[in-house]
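Just so we're aligned, residue 10 is where the sequence shown starts under this note's numbering, counting upward by one.
By construction, the Cβ of each residue, glycine as well, lies at the ideal position given by its N, Cα and C atoms.
A quick write-up on the structure given underneath.
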Amino acid sequence: MVIDIINEFRNKNGKERIFCWNPVENGHCFQHCLYMANHGYLIHAPEVFRKDKAEAIAISCFMEDNEKTIRYLLYECIGRSQEHKDIVLNYDNLAYGFYLHDYTAFLTIRGW
């Protein structure tokens, strides 16, 4: 579902779909979401953990379902920051992590 929403976002902004997703890097993004949830705040991962990858992160309250929540995180949070939007749109390699904890949703997208 997250991949489809990211690709839809890219398509609506004139960019090609991403077909190859790195499962190891997706796991790293998920771990970063888990870290943010456990600490209760939004923070970029230190560079040493990102290995020269750009990172877009977002947090919001849970909405009616996961799909609406992910759409809000991408379109309204990441999409309203030009710097973060550029990460989603201008890299050919992307990875993502999504985590929901106590009705708070965390999203990490990395590009390289």
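Work out the CA separation of Asn31 and Tyr54 for me, nearest whole Å. Per the sequence shown, the amino acid found at residue 54 is Ala instead of Tyr. Whole-angstrom Cα-Cα distance: 18 Å.
What is the rounded straight-line gap between the Cα of Tyr44 and the Cα of Gly36? 12 Å
Can you tell me whether DSSP reads Glu73 as helix, strand or coil? coil
Does the Cβ-Cβ distance between Leu83 and Ala104 come in under 9 Å? no
May I have the straight-line CA-CA distance separating Arg26 from Ile118, to the nearest angstrom? 15 Å
According to DSSP, is His48 helix, strand or coil? helix
Give the DSSP bridge partners of His110, in chain order. Thr113
Do Ala114 and Asn75 count as a contact pair if the criterion is CB distance below 9 Å? Their beta carbons are under 9 Å apart, which means Asn75 touches Ala114 by this criterion.
Nearest to Ile9 (by Cα), restricted to the options Glu85, Asp111, Leu109: Summary: the structure shown does not reach residue 9, with the chain confined to residues 10 through 121, and so no result is reported for it.
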